[in-house]
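Novice:
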Amino acid sequence: MKIFHTVNGLRDDLIQDRLQGLKIGFVPTMGNLHDGHLALLHQANQTNDIVVCSIFVNALQFGLNEDWDKYPRTYESDCEKLRAAGCDYLFHPDDVEMYPNGLDTQSRVICPTMTDVLCGASRPGHFEGVTTVVSKLFNIVQPDEAIFGIKDYQQLAVIRRMAEDLCMPIQITSAPIHREADGLAMSSRNRYITEDERPQATVLKESLDWIASQIRSGNRAFSELEAEATVQIERAGFAVDYVTCSNSKTLDLAADDDSEITVLGAMFTESARLIDNVSISEE
Ligand code: AMP
619 MKIFHTVNGL RDDLIQDRLQ GLKIGFVPTM GNLHDGHLAL LHQANQTNDI VVCSIFVNAL
679 QFGLNEDWDK YPRTYESDCE KLRAAGCDYL FHPDDVEMYP NGLDTQSRVI CPTMTDVLCG
739 ASRPGHFEGV TTVVSKLFNI VQPDEAIFGI KDYQQLAVIR RMAEDLCMPI QITSAPIHRE
799 ADGLAMSSRN RYITEDERPQ ATVLKESLDW IASQIRSGNR AFSELEAEAT VQIERAGFAV
859 DYVTCSNSKT LDLAADDDSE ITVLGAMFTE SARLIDNVSI SEE
């Protein structure tokens, strides 16, 4: 695996690959890699000749009181995992390489829809940071395909919309949610969960699954279902950020006649904020 810390270094190699007609797949990450990330890498390997992974903890998508400074940075072990997963190029820029003019004057990419609900409501500016950095990374790597996890459902929807709106010639592919044996969605932030909290942390997934089963059996009292799931999560000892039944495409609140619904949730443990989702589609 070749490692690049500069935009120009990575570009020099990618230009050659492109000239040879090789197909380039891209997996952007913030590092601290787990099996969920590696599944994206494997997926990228199946359909591309060259797989590029980026590791960059993007300050622009973190709020002032969020965990940017303490976000786990595990570069050496990440490199080992990427090599084993068959990654060809790792792009690992520092903040100055990505934002040479500083954050304040950085040009931004704004997706005006779907970004101020759900995670966007509790993390103002988060998705602007995401769309901006992903656009930059797309311009640097110019991949044929980019793979994103369904675990971050709203992020995937926003990126799809951005790529469509801005005519980016990139296939955006989704990858299923990778889970621990007990159902907890894998996340770099799971390491913030305390030992005492860990057995109950599956309640987020369980309560979303419960709503999904109710909807599948014909119950469309969305607000009541959300309220009951909130009680389930609070009873397990966690604070709820949101539990929402949404239209899978628009992320608007689910309507009675929606045939594709995604139930999304976010909850706070003592020092982590965890998200999960489950989708239901009528055949
Ligand atoms: P992150 O490093 O958290 O920014 O995530 C990088 C990519 O990995 C994003 O596309 C995430 O959606 C994806 N990802 C993170 N956790 C999981 C998971 N448990 N299953 C599948 N994809 C994931």
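Convert by adding 618 to the 1-based position in the sequence shown; the result is the number in my numbering.
All C-beta atoms, glycine included, are put in the ideal place defined by N, C-alpha and C.
Looking only at DSSP bridge pairs, what is Gly738 linked to?
Specialist: Sequence index remark: in the sequence shown, residue 738 carries index 120 (1-based). DSSP, once it has assigned bridges, lists no residue as partnering Gly738.
Novice: Relative to the C-alpha of Leu843, which residue among Glu815, Glu698, Ser877, Val881 is closest?
Specialist: Start at 1 with the first residue of the sequence shown, and residue 843 comes out as number 225. Considering only alpha carbons, the answer is Val881.
Novice: Within its chain, find whatever has a CB closer than 7 Å to the CB of Asp894; leave out the 5 residues flanking it on each side and keep chain order.
Specialist: In the sequence shown, counting from the first residue as 1, residue 894 sits at position 276. Contacts found: Ala803, Leu822, Lys823, Leu826, Gly883.
Novice: Within this structure, are the beta carbons of Ser897 and Ser864 separated by less than 7 Å?
Specialist: Taking the first residue of the sequence shown as 1, we reach residue 897 at position 279. Taking the first residue of the sequence shown as 1, we reach residue 864 at position 246. Contact: no.
Novice: How many Å lie between Ala764 and Thr791 at the Cα?
Specialist: Position 146 of the sequence shown, counted from the first residue, corresponds to residue 764. Position 173 of the sequence shown, counted from the first residue, corresponds to residue 791. The straight-line gap from Cα to Cα measures roughly 6 Å.
Novice: Of all the alpha helix (DSSP H) runs that stay within the bounds of the segment 625 to 706, which reach a length of 4 or more residues?
Specialist: List check, alpha helix (DSSP H) in window: 625 to 637, 653 to 665, 693 to 702.
Novice: What span of residues does the alpha helix (DSSP H) with Asp712 cover, start to end?
Specialist: Taking the first residue of the sequence shown as position 1, residue 712 is located at position 94. Neither: Asp712 is in no alpha helix (DSSP H) and is coded neither H nor E.
Novice: Does the pairing of the segment 648 to 655 with the segment 730 to 741 give three or more beta-carbon distances under 8 Å?
Specialist: The segment 648 to 655 vs the segment 730 to 741: no contact.
Novice: Report the residue from Ala657, Lys641, Asn757, Val670 whose alpha carbon sits nearest the alpha carbon of Ile768.
Specialist: On the sequence shown, residue 768 is found 150 positions in, with the first residue counted as 1. Of the listed residues, the one whose Cα sits closest to Ile768 is Ala657.
Novice: Grab the span of the beta strand (DSSP E) containing Phe756 for me, first residue to last.
Specialist: Residue numbering aside, residue 756 sits at position 138 when the sequence shown is read from its first letter. Element bounds for Phe756: not the beta strand (DSSP E) but the alpha helix (DSSP H), 744 to 759.
Novice: I want to check one thing, is the minimum distance from the CB of Phe766 to the heavy atoms of the ligand HEM below 6 Å?
Specialist: For the ligand HEM, the structure offers nothing, since it holds only the ligand AMP.
Novice: Distance, Cα to Cα, Ser740 vs Gln773?
Specialist: On the sequence shown, residue 740 is found 122 positions in, with the first residue counted as 1. On the sequence shown, residue 773 is found 155 positions in, with the first residue counted as 1. Cα to Cα, Ser740 sits roughly 14 Å from Gln773.
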